[in-house]
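S.K.: Below you will find the structure I want to go over with you.
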Amino acid sequence: MRSNLPPLRALQAFESFGRLASVNGAAQELGVTPGAISQQLKLLEDHLQMQLIMKDGRRASLVPKARSYHLVVSEGFEKLRRAQTLLAQQKSSLDINVSGLPTLLLKWLQPRLHSFEARSEGVSIRLEATHEEPEPAFLDHMFRLTYGKVSNVFPHARALFHDVCFPVCSPEFLKNNPEALEPSKLADLPWVDIDWGPSFTSVPKLGTWLAAQGLPQPTRKPTSIHSLSGSALESVVSGQGIALAQSSFASVDIGLGRLIRISQESIEMPEPYYVCWGAAMLEKEKPREFLNWLLAEAKNVNG
Numbered sequence: 007m008r009s010n011l012p013p014l015r016a017l018q019a020f021e022s023f024g025r026l027a028s029v030n031g032a033a034q035e036l037g038v039t040p041g042a043i044s045q046q047l048k049l050l051e052d053h054l055q056m057q058l059i060m061k062d063g064r065r066a067s068l069v070p071k072a073r074s075y076h077l078v079v080s081e082g083f084e085k086l087r088r089a090q091t092l093l094a095q096q097k098s099s100l101d102i103n104v105s106g107l108p109t110l111l112l113k114w115l116q117p118r119l120h121s122f123e124a125r126s127e128g129v130s131i132r133l134e135a136t137h138e139e140p141e142p143a144f145l146d147h148m149f150r151l152t153y154g155k156v157s158n159v160f161p162h163a164r165a166l167f168h169d170v171c172f173p174v175c176s177p178e179f180l181k182n183n184p185e186a187l188e189p190s191k192l193a194d195l196p197w198v199d200i201d202w203g204p205s206f207t208s209v210p211k212l213g214t215w216l217a218a219q220g221l222p223q224p225t226r227k228p229t230s231i232h233s234l235s236g237s238a239l240e241s242v243v244s245g246q247g248i249a250l251a252q253s254s255f256a257s258v259d260i261g262l263g264r265l266i267r268i269s270q271e272s273i274e275m276p277e278p279y280y281v282c283w284g285a286a287m288l289e290k291e292k293p294r295e296f297l298n299w300l301l302a303e304a305k306n307v308n309g
């Protein structure tokens with residue numbers, strides 16, 4: 007039975023061209039001539055019986071109707087690339103692979119990791135910081151540290167901790183703005199916002215904390231808005247203003263004196279952080295040890 011799928015080389019040329027918006031760029035990426043890319047694009051158009059490319063002078067681009075098709079094709083190739091990465095991880099000699107939200111790895115896991123390495127002599131660990139959730143099947147070969155309900159899609163998940171938030175600032179900022187220690191004055195001070203995007207609108211902001219204390223909302227726009235909590239905290243460390251910080255992310259910087267907690271009042275994050283894994287992940291001793299250590303460490307958060 008003849009497959010209705012287009013030739014893989016033609017799809018690859020189409021994906022590369024659409025992403026790079028250049029025949030020459032696609033040719034360079036795939037290691038072929040521009041003529042070969044044009045030939046594959048024409049082959050794909052013939053197979054689909056529709057126009058994919060339009061030319062404006064010497065420039066070529068996708069026709070509007072082809073853009074949604076390109077988006078789906080790109081997602082498919084991205085999964086292929088991730089599958090290759092997974093295969094490379096499986097073939098490597100590393101004992102443990104951990105994928106996690108960037109700030110969770112940087113500010114919470116990494117400062118603690120030395121204690122696990124000290125008790126598991128010779129262990130090798132790979133950390134991949136990414137917001138992109140892996141395919142559930144990939145978790146037979148890695149742990150995933152993530153937040154909230156997305157953990158439900160993975161074969162196994164355990165809550166790590168339920169974080170709390172409170173306002174922080176830098177010692178320099180507090181020196182220049184001593185009124186920051188008065189909660190009623192916070193609404194008028196410069197502040198840094200954290201915005202995880204439309205999927206996380208329930209994540210609290212400084213205004214949420216102020217409202218919980220019965221205080222007015224900020225009277226000015228934030229000095230900066232960050233999609234990464236870690237980036238926002240670094241802005242606060244540099245003296246840009248106050249921010250609502252998660253305890254797990256700010257604790258190390260508070261201990262080092264880079265940040266100051268300016269109120270003992272806190273509010274909870276809506277959902278916990280989770281560690282997720284696949285059925286085959288715990289067949290080896292080192293990953294089992296890592297999971298037990300991780301869960302023990304999580305008990306100390308906010309404790």
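Counting from 1 along the sequence shown, just add 6 to a position and that's the residue number in the working numbering. Built from N, CA and C at the ideal position, the CB exists for glycine as well.
Determine whether the beta carbon atoms of T152 and L107 lie at a separation below 8 Å.
M.R.: yes
S.K.: In chain order, what residues of the same chain lie with their CB nearer than 8 Å to the CB of S22, ignoring the 5 residues before and after it?
M.R.: G31, A32, E35, L36 and I43
S.K.: Buried or exposed: where does R226 fall if 16 or more other Cβ atoms within 10 Å of its Cβ makes it buried?
M.R.: exposed
S.K.: Report all residues from its chain with a CB closer than 7 Å to the CB of A165; omit the five preceding and five following residues, and keep chain order.
M.R.: P278 and Y280
S.K.: Going by DSSP, what residue range makes up the beta strand (DSSP E) through E131?
M.R.: Note on residue identity: the sequence assigns Ile, not Glu, to residue 131. Start and end: I131 to A135.
S.K.: Mind checking which residues open and close the alpha helix (DSSP H) that includes N10?
M.R.: Neither: N10 is in no alpha helix (DSSP H) and is coded neither H nor E.
S.K.: Have a look at D52, W197 and N103 and flag the residue whose alpha-carbon is nearest the alpha-carbon of W283.
M.R.: N103
S.K.: For M287, does the three-state DSSP call read helix, strand or coil?
M.R.: helix
S.K.: Do the CB positions of P173 and L221 come within less than 8 Å of each other?
M.R.: In terms of Cβ geometry, P173 and L221 do not form a close pair [threshold 8 Å].
S.K.: What residue from E127, S130 and G154 has the CA that sits closest to E139's CA?
M.R.: G154
S.K.: Per DSSP, what kind of secondary structure is F83 in: helix, strand or coil?
M.R.: In this structure, DSSP gives F83 a helical state, which the three-state scheme calls helix.
S.K.: Please state whether DSSP places E185 in a helix, a strand or coil.
M.R.: helix
S.K.: From A304 to S121, what does the alpha carbon distance come to, in whole angstroms?
M.R.: Approximately 13 Å, taken between the alpha carbons.
S.K.: Could you please give the first and the last residue of the uninterrupted beta strand (DSSP E) stretch that includes H147?
M.R.: Taken as a continuous stretch (DSSP letters only), H147 belongs to no beta strand (DSSP E), as it is neither H nor E.
S.K.: Name the two residues that bound the continuous beta strand (DSSP E) containing H168.
M.R.: Run containing H168: none; DSSP gives neither H nor E here.
S.K.: Using the Cα positions of R64 and S74, report the straight-line distance between them to the nearest angstrom.
M.R.: Looking at the two C-alpha atoms, the distance is approximately 24 Å.
S.K.: For V258, I'd like the list of residues in its chain whose CB is within less than 8 Å of its CB, leaving aside the five on either flank, ordered along the chain.
M.R.: K113 and P117
S.K.: Determine the direct distance from the alpha carbon of L14 to that of H53, and round the result to whole angstroms.
M.R.: 12 Å
S.K.: Between L234 and T109, how many whole angstroms is the CB-CB distance? I'm expecting something under 8 Å.
M.R.: 6 Å
S.K.: Using DSSP with H/G/I as helix, E/B as strand and the rest coil, what is N30?
M.R.: helix
S.K.: In this structure, does DSSP put N158 in helix, strand or coil?
M.R.: helix
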